[in-house]
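All remarks here apply to the structure that follows.
There are 2 protein chains.
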Amino acid sequence: MDNKSLKYKKVFSVLLDEIRSGRFDASRSFLSESQIMRRFGVGRQTAIRVIQELQKSGLVVRRQGSGTFLTRAAHHTGRIGLIVHGSSYCEIFAPISRTVSHLCQRQGYTLLLGDIAFPTPKERAARVLQLVQDYIDQGIDGVLIQPLELLQDAESVNRNMMALFDKANIPSVLLDSDIVPSPDRSSYDLVGINHFDAGRIMAKHLRKAGARRICYLMQKNRAPCVSNRWLGLKTECEGLPLPGIQLLSQPDEVKTIRNFLKKYNPDAIACYNDRQAAILMHTLSELGIKVPDDLLIAGFDDVNYATLVTPQLTTTHQPCKEIAETAFSLLLQRIIKPDLPPREVFLSAPLVIRASTGRKP
Amino acid sequence: MDNKSLKYKKVFSVLLDEIRSGRFDASRSFLSESQIMRRFGVGRQTAIRVIQELQKSGLVVRRQGSGTFLTRAAHHTGRIGLIVHGSSYCEIFAPISRTVSHLCQRQGYTLLLGDIAFPTPKERAARVLQLVQDYIDQGIDGVLIQPLELLQDAESVNRNMMALFDKANIPSVLLDSDIVPSPDRSSYDLVGINHFDAGRIMAKHLRKAGARRICYLMQKNRAPCVSNRWLGLKTECEGLPLPGIQLLSQPDEVKTIRNFLKKYNPDAIACYNDRQAAILMHTLSELGIKVPDDLLIAGFDDVNYATLVTPQLTTTHQPCKEIAETAFSLLLQRIIKPDLPPREVFLSAPLVIRASTGRKP
DNA sequence: GTATGCAACTTGTACGGACAACTTTTATTA
DNA sequence: TAATAAAAGTTGTCCGTACAAGTTGCATAC
């Protein structure tokens, strides 16, 4: 823990609390150096050091000859909200949450974490609006949001959620996908991954590794990340014998997989994420099919499973840390300057080549 | 100017120069507090203040008990390059250059500005490669680049340019468009404007203002910003009587304009930028056509001409300052961490409604 | 030869004082 | 009443000192 016996840290935390609880008048000036010296019985260097720390936190500004004054940031609560859904098709939100939590700690923010992990869509929709109201009541400065997906009325729930935050004047940054379908664009900041390009890069790699009959394993869902990877893959497979063949199945349905392989005889299968790829590889080994000798397998995510299976999975690496850092920084910027134009940031997911597509690691 | 009679500023600038010129060994430790005190004859507070300034500039780090050490940033030159083309179809690069210049000054960087304004494409291509070599010889830390457009071999020139910077290990950020055609994506950072969405927003506004026969004035060029606006506009005009009619003409060709108006009888014309819109309005007034009563006119950019014409132009506002700030910040980040995944940032251009589309300002 | 402990050096915290630069308020003067 | 001048208060710079906390290397002891 921090050594709290340091005078300037003690005084700093006392004043921080008083600022956060709104004990200082916005219009009047903040405590002067000499006031701090008298009140806490410290020397001038210490008082100056305390005010410098407050300055670094963006809470006060100093004007020579005039005094020290609170900034707009001083009237914030120092709380930031995060809304994610545990059972997502992209396995990036656990590491993102972790990084956001670290960033908050380091910068003196309190993180309110809401993980909507209810099983049924209806429950999830209800819970998310309840959580939003909670956050607003608590008074947060801003919120990072993973939009709801795969509900029949996801878009309207998302719109209601954003409307509530808008009404409360709370800025927000969307994670991974917009709340409106693809060509459309909402007016909220967005940090995502270029899943389309990830699909293309994967297809390019599989072709280079010798594959010509490439297909994609997905399920009936249409989560943006899943389908964008599919679109990118398809674009790059133009002109090949199996352009745009999807294997719509659970990867552990042995019979379906066997029939599919017999029918199309693919030489590479890209799975919509690493988890599915790992399960598929298990099924394939039951069927006596060797990876990568008989069939190339690739996944997407590089979060949990890619290096734990044999052979290790070729995949695209989701830059979770950078997503979290970018989103956090966009949010802080928007808290300070709410009038910035809406921004969308896309990060690339670099290809990580491992044994499952032929090369020895 | 800064008051250079301040001791800590004098010492700071001396040490800054020495660091920039590489006078300190990378492996050995930097000057200690007491060394600075002795050498410059200053007190400890002043020495500390100097080191703190160097710390704020990211040039040194201090470790208690051990000493002060130079960072990687200390071996940079403090020079940043900017490459733009004066005669561009998007009129955003003059204000962008200005803002970048301000940012450099404020943060202690020297800006090398290269404006490639040669008339013929061939000259431009030659000059740009010469400029790149110049920058590399001078030793810059990073570069902001507006890619070449509208040359038959623009892509190959751009690739050569980037290859030179890559070889010299100089990070770069692209402005406004990628060096590869649209669905493709290079591995360089990119800051752009969502021109597609700007086109859509403009079309939505024109429809709301009552227009049903909407067309778009452009020339034969295919600059990304011009054609993306067109694509967005077209998307939003689906189902209208004139879906996707372009007026391919110079806006001062009175005869062509008259014939076009007679043939298609449009009730709104969006021009690919404000300058063309201003010229078109002049032509229209010669033809006795009143804006906005007979015909709605809109432009794009909101940089130079939009408020100077009568009636004032409805347009979309290019957030030039924010583009420059974003690009600059991305570049600094990449200079520090070259291994970050490639990022693309798109800013929205908000609609600015003025009299030329019907409403009184 | 190895290990221990001390000395020397570094930065971090904290005190005191002094004057300069600047702003705001108050008092004075025209 | 309005302009001017002085006074009081504030932050900015700069000096001195002292001790604490941490690192490094050397000398000593085993």
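The listed protein sequences derive, respectively, from chains A and B.
Following this note's numbering, the numbering of the first sequence begins with 1 at its first residue and continues without gaps.
Following this note's numbering, the numbering of the second sequence begins with 1 at its first residue and continues without gaps.
All C-beta atoms in this analysis are idealised placements derived from N, C-alpha and C, irrespective of residue type, glycine included.
Alpha-carbon to alpha-carbon, residue j and residue i
i	j	result
A:A168	A:A327	20 Å
A:K9	A:Q52	11 Å
A:L308	B:Q333	33 Å
B:V191	B:F346	6 Å
A:N194	A:T316	11 Å
B:Y151	B:A125	Per the sequence shown, residue 151 of chain B should be read as Leu rather than Tyr. If I take the Cα positions, the gap works out to 9 Å.
A:L421	B:S187	Not covered by the structure: residue 421 of chain A. The range shown for chain A is 1 to 361.
B:V132	B:P147	12 Å
A:E85	B:H282	Glu is not the amino acid found at residue 85 of chain A; the sequence shown has His there. For A:H85 and B:H282, the distance between alpha carbons rounds to 56 Å.
A:L206	A:P95	28 Å
B:S88	B:G22	39 Å
A:Q227	B:A74	It is worth fixing the name first, because residue 227 of chain A is Ser in this sequence and not Gln. Spanning the two alpha carbons is a distance of roughly 45 Å.
B:I279	A:I245	52 Å
B:Y109	B:I353	38 Å
B:M37	A:L330	42 Å
B:F24	B:V42	21 Å
B:K220	B:L247	10 Å
B:L240	B:R127	46 Å
A:T71	A:D141	14 Å
A:V61	B:R44	26 Å
B:E286	B:Y216	20 Å
A:R98	A:I136	23 Å
B:S249	B:P266	15 Å
A:L54	B:Q276	51 Å
Assumed close pair residue i, residue j - CB separation to whole angstroms, cut-off 8 Å
i	j	result
A:A198	A:F93	About 17 Å; that fails the 8 Å criterion.
B:S348	A:P341	5 Å
B:E236	B:K208	Not really, about 11 Å apart at Cβ, beyond 8 Å.
A:S32	A:T68	7 Å
A:P171	A:I335	6 Å
A:L295	A:L313	Not quite, the Cβ-Cβ distance comes to about 13 Å (not below 8 Å), so this is no contact.
B:V180	B:E149	With a Cβ gap of about 13 Å, B:V180 and B:E149 do not count as contacting.
Environment of residue i [buried if 16+ CB atoms lie within 10 Å]
i	result
A:Q138	exposed
A:R39	exposed
A:L303	Before going further, note that residue 303 of chain A is Val rather than Leu in the sequence given. Buried, by the Cβ-count rule.
B:G232	buried
B:R185	buried
B:A387	What the structure shows of chain B is the stretch from 1 to 361, and residue 387 of chain B is not part of that stretch, so it cannot be assessed.
B:V254	exposed
B:A47	buried
A:G358	buried
A:L144	buried
B:V291	buried
B:D293	exposed
B:E344	buried
B:G78	buried
A:L59	buried
A:P361	Only weak support exists for where A:P361 lies, its pLDDT of 43 falling under 50; the coordinates are left without a value.
A:V14	exposed
B:N259	exposed
A:L6	exposed
Within chain B, partners of residue i - CB distance below 8 Å
i	result
A:R334	Within 8 Å Cβ-Cβ: nothing; A:R334 doesn't reach chain B, min ~12 Å.
A:D141	Within 8 Å Cβ-Cβ: nothing; A:D141 doesn't reach chain B, min ~21 Å.
Per-residue contacts from residue i into chain B (C-beta, under 9 Å)
i	result
A:S348	R185, S187, P341, P342, R343 and E344
Proximal chain B residues relative to residue i, where beta-carbon distance stays under 7 Å
i	result
A:P319	P341
Contact set between residue i and chain A, taken where Cβ atoms lie within less than 7 Å
i	result
B:E370	Since the first residue shown for chain B is 1 and the last is 361, residue 370 of chain B is missing from the structure and cannot be characterised.
_Please identify, using Cβ separations under 7 Å, the residues of the segment 221–253 of chain A that lie next to chain B, in order along the chain._
T235
ask   = In chain order, what residues of the segment 192–213 of chain A put their CB closer than 7 Å to some CB of chain B?
value = N194 and D197
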